[in-house]
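Peer 1: Which chain is which? The protein sequence lines are A and B, in order.
When you line the first sequence up against this note's numbering, it's residues 1 to 572, in that order.
When you line the second sequence up against this note's numbering, it's residues 1001 to 1319, in that order.
Virtual Cβ for every residue (Gly too), placed ideally from N, Cα, C.
Bear in mind the structure is a predicted one, so any value in this text is a computation, not a measurement.
Supplied in structure tokens, the structure appears directly below.
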Amino acid sequence: MKQKLSVLLSLLVLASMVLAACGGGGASSASGPIPFPEGGKSVTGAYDQEPDAVVPYFTQMSFAIWVTQLTLVGLGEWDDQGNFVPELAVEVPTAENGGVSADGLTITWKLREGLLWSDGTPLTSADVKFTWEMVMDPGNAVTSRTGYDKIESIETPDDTTVVIKFSALYPPWPTLFTQGPNNGGGIVPKHMLEGKTALESDPFIRMPTVASGPFVITEWIPGDYMTLLPNPNYYKGRAKLDRVQIRFVADSAAALAALQTGDIDWYPNFSEGDIETLKGLEPNVKLTVIPGVDFEHYFFNLGRVDGVDGRGKADNEGFCPFKDVRVRKAITLGINRQAVVDSLLSGYTTVPVSQWPNSSWTNDSLVVDAYDPDAAAALLDEAGYTVGDDGIRVGDCNGEQVRLSFNFETTTAPIRISIATAAQADLAKIGVEFTPIHTPAGTFFGQYVDGGPLTTGKYDMGGYTTGFYPDPYTDNYSCENIPNAASPTGNNWYHNCDPFLSDLMDTMLDTVDPAERKAILDEAQAYIAEQYYVIMMYARGNVYGSTPRFQFGPVGPESDINWNSELWDVTE
Amino acid sequence: MWSYLVRRIFQALFTLLIITVLCFLLTRFSGDPLAQYATNPRMSAADKEALIERLGLNDPLHVQYFKWLGLAVQGNLGNSFFAKQPVSEMIMQRLPNTLILMLTAEFFTILFALILGIISAVKQYSFIDNLITMFSFIGFSVPIFFSALGLMLIFAVQFKAWGLPYLPTGAAVWNKSDPVEYIRNLILPVSALVFVSTAGYSRFVRTSILEVLGLDYIRTARAKGLHDRAVLFKHALRNAALPLVTIVGLDIPFLLGGAIVTESIYSWPGMGRLFWEYAQRSDYPVVLGVLLVISTAVVFLTIVTDVIYTFVDPRIKLG
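Structure (structure tokens):
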């Protein structure tokens, strides 16, 4: 019996090895604008979320926007240096070239001559106008009409001229009809969608088979993969690759194993916590980390039930000691952020000076506060919080004895748990009890009606990642935007009504002049830093893992690897 | 018989109703479908309000539930919030993949469980029995994510590093019309499932056979001079396998749900991953759709199993 068993086992192992050896490349037959040639150059990427729709305006999903960058390009985009550059247009409109009217209400774009969709139909100004009409059609459930609803009319005097007239000044106009890593604004083909409504359910919206970008989607097996082939009519010429495939995997662990075996060529969504692992796999796996314009920040709940001068009433009062700038500064100085960057993030990113890191909008005159527990302790002493018997500081706040003990709420992401634990240890050294509470993202970011802690203001300190780009304006400091029972969808989750800052940020909406807007933003950044309203933890990095054979073009903070996918190539 | 069936079907419908209420509440309270848009600076308050309105999330919970139920009883599981596709279509796209994976795994599980269980029982307390017992306990104790990742690490990642023929991680794009490719991609996920499931089943078979082997009719068969093999396969195994058939029968509807962990690790586009991906986004039409398919199968296949018992074992009377 023993002998038979061993024979059986040997046969099984042998069969597995034979099958493993027999496997081919797994190329699936595909048809498309430029069919995949025998032995052509092909790469496979992995996404851990399957796009919901690949026409911008109907999705807010990063993974979907990345695919739209390959397929449906816009009038302009942001390059690896953070410059706003033309794409389907000849040049970016400015006051100097007459593209921006004196009153700032009219923007004129000039399209390139001879643009074609991948099916050979001319791409004209009528497509731009149709894109706007589609977004504004109440019969279409687009995800956002922000900005497009400020357009009064679009005129198309000829096939290459688009005259956009706004009903009111709209300084973030460069974000309309343009593409970026997180700005889905590509032009859609009128000839494919005209006369249709309820487009959110239209098959073309989910999978556009006509493209203006370097590639066209030719195949999409739900839950499995999609195939893109080169667009013969792309205005910059044919892409270098003959095929791009995107495989949908569950998570970064699956992607990591597949990278090691060469089953995939790149994965764009590693976290900073994966950097050490990826470094260990070099040179078989190539690690690329690009400091981004998103940032991880901690912040204080500064809600006031009575508001400030009648503005910005919150439903919940923030933790009393946080109203003292000395306490906020002490907590900032008491967390060793550089150590977090150096150890937990492998030194691949930086502690940013403001909420506009790594971009042309950054106020470069600002300096990051260094870790200084002695200065932090002195500030708390000065604010009247002295160390009690249990090692936690106690002091008077609005006539009440308050212990410097509070909760910090964030999500359950492993890197956030590690960093919060480090911050907890740092703050304990200066007599501050900082208790992290980790909540699943779906609950942490929950709506007001569902009792989400951020929206309802039921938290002391919080932390998450966001970013204000491509346009730097944010209403996150607006007194009028604090969520409350009467207006539950406001974005000011700091619950912070500072009338000066709120009004200052709003003046950014009074001018379309980039220099004037930069000056306002510089002042706002300096003011936020001086008030210690937020603790900038680190600039989020875009962490890519790829096989050495896969080559992509220049990448910058405001552009990911998709902005110039026509340059993608392989070296065998 | 007929009155019994009618009664059971009504009970089943009521059970399903309770299941849908519980699943709906659990899904709705587990997270906010709009949470993924929360930190998106390009979603204004007005955009969020419009989305809430469109998805019907501003309706009271009971209204949301009855709207969903009203469509479900007509056979319409609604549309996914995010994929915007009919849920039934999404399920039908994934179901065949899941059935191929799970039925293959179930087949090998039963096969190995019978082989190992029989050897273990016949060679009770021998070296081979102890060895099988040890592997059974390892299979019991090791969580599926560990065995699945471990198999991938050895047979895909390390085999490649060592220059040996290696199996795929499942994350490549592969040709599903090529049977060799199909089998190559099935080997690791099926092995991971079989490794864990065989452990329990083989112990069950071993115990069953040991029980039967001690009964009088086996002694009689032996006394009649029958060969050991004939006693085992003609008399003992047929009776010992009956309880296993029951357990396998009850397992079958659960196969529709796929295997969340295994499908995720091996990038297998099945029902388990569908459920998990959309549960993470709190896309409750998809989550409820998947759960409804599984629970309907469980409830109704239980009735079918009960009815089949009456034919298999005349001692059982329904009613």
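(1) Can you pull the chain A neighbours of Arg1273 of chain B, defined as C-beta to C-beta under 9 Å?
(2) Closest to Leu228 of chain A by CA distance: which of A:Leu256, A:Pro33, A:Asp389, A:Tyr385 is it?
(3) Counting C-beta neighbours from all protein chains within 10 Å, is the total for Leu333 of chain A 16 or more, i.e. buried, or is it exposed?
(4) Taking one C-beta from the segment 455-475 of chain A and one from the segment 313-326 of chain A each time, how about it: are there three or more such pairs within less than 8 Å?
(5) Suppose contacts are defined by Cβ-Cβ distances below 7 Å. Is Ser212 of chain A in contact with Leu72 of chain A by that definition?
(6) Assess, as a yes-or-no matter, whether the segment 264-273 of chain A is touched by the segment 540-556 of chain A under the definition of 3 or more beta carbon pairs within less than 8 Å.
(7) Taking DSSP as the reference, what is the three-state secondary structure of Lys429 of chain A?
(8) Mind pulling the chain A residues with CB within less than 7 Å of Leu1051 of chain B?
(9) Alpha carbon to alpha carbon, how far is Met1001 of chain B from Arg1281 of chain B? Give it in angstroms, no decimals.
(10) In terms of residues, what are the limits of the beta strand (DSSP E) holding His297 of chain A?
(11) Return the residue from the list A:Pro189, A:Val449, A:Gly442, A:Ala53 that minimises the CA-CA distance to Val67 of chain A.
(12) Closer than 6 Å by C-beta to Thr288 of chain A: which residues in its own chain qualify, once you throw out the five before and the five after it? Chain order, please.
(13) Using a beta-carbon distance below 7 Å, is Thr996 of chain B in contact with chain A?
(14) Using a Cβ-Cβ distance under 7 Å, would Met1043 of chain B count as near chain A?
(15) Along the segment 1106-1138 of chain B, what residues have a CB closer than 7 Å to any CB found in chain A?
(16) Smallest Cα separation from Phe177 of chain A: which of A:Thr197, A:Leu75, A:Asp80?
(17) Are Ser565 of chain A and Pro35 of chain A closer than 7 Å when you measure CB to CB?
(18) Based on the DSSP secondary-structure assignment, which residues constitute the bridge partners of Ala89 of chain A?
(19) Ile264 of chain A versus chain B: which residues are under 7 Å apart at the beta carbon?
(20) Give me the chain B residues within the contact set of Gln69 of chain A, using Cβ-Cβ distance strictly less than 8 Å, ordered along the chain.
(21) Starting from Tyr464 of chain A, find everything on chain B with Cβ-Cβ shorter than 7 Å and list it in chain order.
(22) What residue from A:Glu572, A:Cys320, A:Tyr477, A:Thr108 has the CA that sits closest to Gln401 of chain A's CA?
(23) At the level of alpha carbons, what is the spacing between Arg1007 of chain B and Leu1215 of chain B?
(24) Does the CB of Arg1054 of chain B have a neighbour CB from chain A at under 7 Å?
(25) Can you tell me where the beta strand (DSSP E) holding Asp396 of chain A begins and where it ends?
(26) Tell me, please, whether the CB atom of Phe445 of chain A is closer than 7 Å to any CB atom in chain B?
(27) I need the straight-line Cα distance from Ile1218 of chain B to Lys1224 of chain B, nearest angstrom please.
(28) Do Phe1145 of chain B and Val1286 of chain B have their beta-carbon atoms positioned less than 7 Å apart in this structure?
(29) Along the alpha helix (DSSP H) that carries Phe1204 of chain B, what are the first and last residues, could you check?
(30) Please state the DSSP three-state secondary structure of Gly45 of chain A.
(31) Is any beta-carbon of chain A found at less than 7 Å from that of Gly1289 of chain B?
(32) Taking only runs that begin and end inside the segment 164-225 of chain A, name each unbroken beta strand (DSSP E) of 3 or more residues, in chain order.
(33) Taking the CB atoms as reference points, tell me whether Tyr57 of chain A and Val142 of chain A lie closer together than 7 Å.
(34) List, in chain order, every chain B residue whose beta-carbon is nearer than 7 Å to that of Gly442 of chain A.
(35) Within 10 Å of its beta-carbon, does Asp389 of chain A have 16 or more other beta-carbons around it, so buried, or fewer, so exposed?
(36) What residues from chain A crowd round Lys1067 of chain B, counting only those whose CB sits closer than 7 Å?
Peer 2: Let me lay it out:
(1) Gly223, Phe248, Ala250
(2) A:Pro33
(3) So Leu333 of chain A counts as buried.
(4) yes
(5) Result yes, Cβ atoms of Ser212 of chain A and Leu72 of chain A sit closer than 7 Å.
(6) yes
(7) coil
(8) Thr143
(9) Cα-Cα distance, rounded: 45 Å.
(10) 286-300
(11) Looking at the Cα atoms, A:Ala53 is the closest of the given residues.
(12) Tyr544
(13) Summary: the structure shown does not reach residue 996 of chain B, with chain B confined to residues 1001 through 1319, and so no result is reported for it.
(14) yes
(15) none
(16) A:Leu75
(17) No, these two residues do not count as a Cβ contact at 7 Å.
(18) A:Leu111
(19) Ala1171, Ala1172
(20) The contacting residues do not exist; Gln69 of chain A stays about 15 Å from chain B at best.
(21) Thr1039
(22) A:Cys320
(23) 38 Å
(24) yes
(25) Here the beta strand (DSSP E) through Asp396 of chain A covers 393-397.
(26) yes
(27) Ile1218 of chain B and Lys1224 of chain B: Cα-Cα distance of roughly 10 Å.
(28) No, the pair does not count as a contact, with Cβ atoms beyond the cut-off.
(29) 1179-1213
(30) strand
(31) It does not: the Cβ of Gly1289 of chain B has no partner Cβ on chain A nearer than 7 Å.
(32) Listed in chain order, the complete beta strand (DSSP E) runs (minimum 3 residues) inside the segment 164-225 of chain A are 215-221.
(33) With respect to the 7 Å criterion, Tyr57 of chain A and Val142 of chain A are classified as neighbours on the basis of their beta carbons.
(34) Ser1030, Gly1031, Asp1032, Ala1035, Ser1282
(35) exposed
(36) Below the 7 Å Cβ cutoff, chain A contributes no neighbours of Lys1067 of chain B, its closest Cβ being approximately 17 Å away.
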